[in-house]
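Sequence order for the protein chains is B and Z. Position one of the first sequence corresponds to residue 77 (our numbering), numbered consecutively onward. Position one of the second sequence corresponds to residue 77 (our numbering), numbered consecutively onward. From the three backbone atoms N, C-alpha and C, an ideal C-beta is built for every residue, glycine too.
2 protein chains.
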Amino acid sequence: MGALENNELEQQIIETAKRLFVEKGFVETSMSDIAATVGINRPTLHYYFRTKDRMFQAVFSSIVMSLLPRVREIMKRDIPFMERVSMVLDEYLVRFIENPYIPKFICEEVQRDVNHLLATAKEMQFEETFAIIKEGLQSEMEAGRLKTVPLHILFLTFYGLLLFPLLSKNLVVTLFLKEDSEFELLLWEWKQYILLHLKNLLCVDG
Amino acid sequence: MGALENNELEQQIIETAKRLFVEKGFVETSMSDIAATVGINRPTLHYYFRTKDRMFQAVFSSIVMSLLPRVREIMKRDIPFMERVSMVLDEYLVRFIENPYIPKFICEEVQRDVNHLLATAKEMQFEETFAIIKEGLQSEMEAGRLKTVPLHILFLTFYGLLLFPLLSKNLVVTLFLKEDSEFELLLWEWKQYILLHLKNLLCVDG
DNA sequence: GTGGTGTTTGACATATATGTCAGATTTGAT
DNA sequence: ATCAAATCTGACATATATGTCAAACACCAC
């Protein structure tokens, strides 16, 4: 046979598609682009992933799967809450420095079709991770170690501060930096401010 | 003649194009869409705005022009800094509640072509407004009424917190709200948190 | 009405996208 | 070596996008 064994090319296609989707966006990346970059014929793409939509699902899964398990593992640890948050931030930032267009890609998909996105996410234990974080927070709040803050406020603060610099990277570099390479440094500086804001929001001491 | 007098249809086209660009994004809105919505023939669009690109410029100008003068006016007032910020936030939020897709549109354009965007913005006193805010901040900081914080950090905090809820509106509504109509309420609740974060960042008392 | 200006349109040229399919090619089991 | 299944490809069908143009149309001055 060989059918089920040749996931090598399939993987190569997914990696290439990920890079292109994430660089240029879903709509502006064509199946031809992907095929040309991989160095295969376009119909071959359709052979592996019948439609562009299934191509997307494969790519999105690959992205989420590369982050979610690490986050879940960290949030389960038995160390102070803010230390866990700090480590999760590291995890995100490393991934985003590697691939600064992921946030844009996710945001684009949130706009294009939330339900499709959530359905895809659901298939990879997204809800378990979400639940772990939620419960972790609630127990900290009930124990009085953290202030009581609505979950959606926390969500907006965390992801707003984390994702926005990457969404506006071009603008930030143009307005505030001399050259592109300084951006990574800015992100690590920025991480401290994210932690500061979260502490102000959550920690009882002040 | 009549050429220069018929800015009525031209305005109607711009309004329609703005709505569509802002709802569906630039790439996913076709000239045909716009023409059909206005109720005219597509070549007529090309008669008024030779290319889709000039169409964009007209739309973007219209959006920025509806905000920038108000912001400039407010920032010039002689009232406490945080009060000015609060009023600017109101201005933004009212505009965004009216038209929740503006942030997405701007972000998309920041990614697509920053320089094009900045060039268009430059034509409408964007730099003056930017300078006014910058100087206002510096004088407050030097007078010791505000903590000294790098401009880019302030930029990221302000716009990250302000824009992200609108960029992730679909997700927020799906994850945290019962129905779409609650979103406006959430935004006004969120405004207080934005102010809180900015105070923590800027104000000397704490 | 005639003519000129500004405005609108139908038809065309061109480009690029997705998806299908029959047939060629490779591959592995026998 | 042969056969069948898996893999790949050239060619096709279809859809939709932008932009151009010559010709039609509307309107006002004269």
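Taking the C-alpha atoms as reference points, what is the distance between residue i and residue j?
{"i": "isoleucine 173 of chain Z", "j": "glutamate 260 of chain Z", "result": "7 Å"}
{"i": "methionine 158 of chain B", "j": "asparagine 276 of chain B", "result": "11 Å"}
{"i": "isoleucine 90 of chain Z", "j": "phenylalanine 252 of chain B", "result": "32 Å"}
{"i": "leucine 169 of chain Z", "j": "tryptophan 264 of chain Z", "result": "8 Å"}
{"i": "glutamine 57 of chain Z", "j": "glutamate 218 of chain B", "result": "Nothing can be reported for residue 57 of chain Z, as the shown portion of chain Z is limited to 77 through 282."}
{"i": "leucine 144 of chain B", "j": "leucine 232 of chain B", "result": "19 Å"}
{"i": "isoleucine 116 of chain Z", "j": "aspartate 129 of chain B", "result": "33 Å"}
{"i": "glutamate 84 of chain B", "j": "tyrosine 124 of chain B", "result": "12 Å"}
{"i": "histidine 273 of chain Z", "j": "glutamine 87 of chain Z", "result": "40 Å"}
{"i": "isoleucine 208 of chain Z", "j": "arginine 153 of chain Z", "result": "11 Å"}
{"i": "valine 225 of chain B", "j": "alanine 197 of chain B", "result": "26 Å"}
{"i": "proline 156 of chain B", "j": "threonine 205 of chain B", "result": "18 Å"}
{"i": "phenylalanine 202 of chain Z", "j": "phenylalanine 234 of chain Z", "result": "17 Å"}
{"i": "isoleucine 178 of chain Z", "j": "arginine 171 of chain Z", "result": "9 Å"}
{"i": "glutamate 258 of chain Z", "j": "valine 249 of chain Z", "result": "8 Å"}
{"i": "leucine 227 of chain Z", "j": "glutamine 214 of chain Z", "result": "9 Å"}
{"i": "lysine 210 of chain B", "j": "aspartate 281 of chain B", "result": "22 Å"}
{"i": "leucine 238 of chain Z", "j": "arginine 118 of chain B", "result": "42 Å"}
{"i": "valine 103 of chain B", "j": "isoleucine 182 of chain B", "result": "13 Å"}
{"i": "lysine 254 of chain Z", "j": "glutamate 255 of chain B", "result": "45 Å"}
I'd like to check one pair, residue j with residue i: are the Cβ atoms closer than 9 Å?
{"i": "methionine 107 of chain B", "j": "methionine 131 of chain B", "result": "yes"}
{"i": "leucine 193 of chain B", "j": "glutamate 185 of chain B", "result": "yes"}
{"i": "valine 135 of chain B", "j": "alanine 93 of chain B", "result": "yes"}
{"i": "proline 176 of chain B", "j": "lysine 100 of chain B", "result": "no"}
{"i": "glycine 212 of chain Z", "j": "methionine 163 of chain Z", "result": "no"}
{"i": "glycine 236 of chain B", "j": "glycine 236 of chain Z", "result": "yes"}
{"i": "leucine 243 of chain B", "j": "lysine 180 of chain B", "result": "yes"}
{"i": "isoleucine 190 of chain B", "j": "leucine 247 of chain Z", "result": "Rather than isoleucine, the amino acid found at residue 190 of chain B in this sequence is valine. Contact flag set, yes."}
Quick one: residues in its chain with C-beta nearer than 7 Å to the C-beta of residue i, no 5 flanking neighbours on either side, listed in chain order?
{"i": "tryptophan 266 of chain Z", "result": "Pro241"}
{"i": "arginine 146 of chain Z", "result": "Glu167"}
{"i": "aspartate 109 of chain B", "result": "Leu96"}
{"i": "serine 138 of chain Z", "result": "Ile90, Lys94"}
{"i": "valine 114 of chain Z", "result": "Gln88, Ile89, Thr92"}
Nearest chain Z C-beta to residue i closer than 9 Å, yes or no?
{"i": "tyrosine 168 of chain B", "result": "no"}
{"i": "valine 186 of chain B", "result": "yes"}
{"i": "cysteine 183 of chain B", "result": "yes"}
{"i": "valine 164 of chain B", "result": "no"}
{"i": "leucine 239 of chain B", "result": "yes"}
{"i": "lysine 180 of chain B", "result": "yes"}
{"i": "valine 190 of chain B", "result": "yes"}
{"i": "isoleucine 90 of chain B", "result": "no"}
{"i": "leucine 222 of chain B", "result": "no"}
{"i": "isoleucine 150 of chain B", "result": "no"}
{"i": "isoleucine 155 of chain B", "result": "no"}
{"i": "asparagine 276 of chain B", "result": "yes"}
{"i": "isoleucine 229 of chain B", "result": "yes"}
{"i": "leucine 232 of chain B", "result": "yes"}
{"i": "leucine 85 of chain B", "result": "no"}
At the 9 Å Cβ level, is residue i part of the contact set with chain B, yes or no?
{"i": "serine 244 of chain Z", "result": "yes"}
{"i": "histidine 273 of chain Z", "result": "yes"}
{"i": "glutamate 260 of chain Z", "result": "no"}
{"i": "asparagine 175 of chain Z", "result": "no"}
{"i": "phenylalanine 252 of chain Z", "result": "yes"}
{"i": "leucine 144 of chain Z", "result": "no"}
{"i": "glutamate 255 of chain Z", "result": "no"}
{"i": "tryptophan 264 of chain Z", "result": "no"}
{"i": "valine 248 of chain Z", "result": "yes"}
{"i": "tyrosine 269 of chain Z", "result": "yes"}
Taking 8 Å as the cut-off, is the beta-carbon of residue i closer than that to any non-hydrogen atom of the ligand HEM?
{"i": "methionine 151 of chain Z", "result": "Within the structure as shown, the ligand HEM is missing, as the structure has no ligands at all."}
Enumerate in chain order the residues of its own chain whose CB-to-CB distance from residue i is below 8 Å, with the five nearest sequence positions on each side excluded.
{"i": "cysteine 279 of chain B", "result": "Met158, Leu222, Lys223"}
{"i": "alanine 79 of chain B", "result": "Bear in mind that the predicted position of alanine 79 of chain B carries a pLDDT of just 35, short of 50, making it too unreliable to give a figure here."}
{"i": "leucine 271 of chain Z", "result": "Met158, Val161, Ser162, Leu165"}
{"i": "threonine 120 of chain Z", "result": "Ala111"}
So, at 6 Å on beta carbons, what are the nonlocal neighbours of residue i in its own chain, with the 5 sequence-adjacent residues on each side left out?
{"i": "lysine 268 of chain Z", "result": "According to the sequence as given, residue 268 of chain Z is glutamine; it is not lysine. Closer than 6 Å at the Cβ level, and outside the excluded window around glutamine 268 of chain Z, lies no residue."}
{"i": "methionine 77 of chain B", "result": "Reliability fails at methionine 77 of chain B, whose pLDDT of 34 lies under 50, so the model's placement of it is uncertain and no value is given."}
Give, in chain order, every residue of the stretch 193 to 215 of chain Z whose Cβ lies closer than 7 Å to some Cβ of chain B. Listed by position, the residues of the stretch 193 to 215 of chain Z near chain B (Cβ gap below 7 Å) are Leu194.
Scan the stretch 97 to 122 of chain B for residues whose Cβ lies nearer than 9 Å to a Cβ of chain Z and list them as they occur along the chain. Within the stretch 97 to 122 of chain B, the residues whose Cβ lies closer than 9 Å to some Cβ of chain Z are Gly101, Val103, Glu104, listed in chain order.
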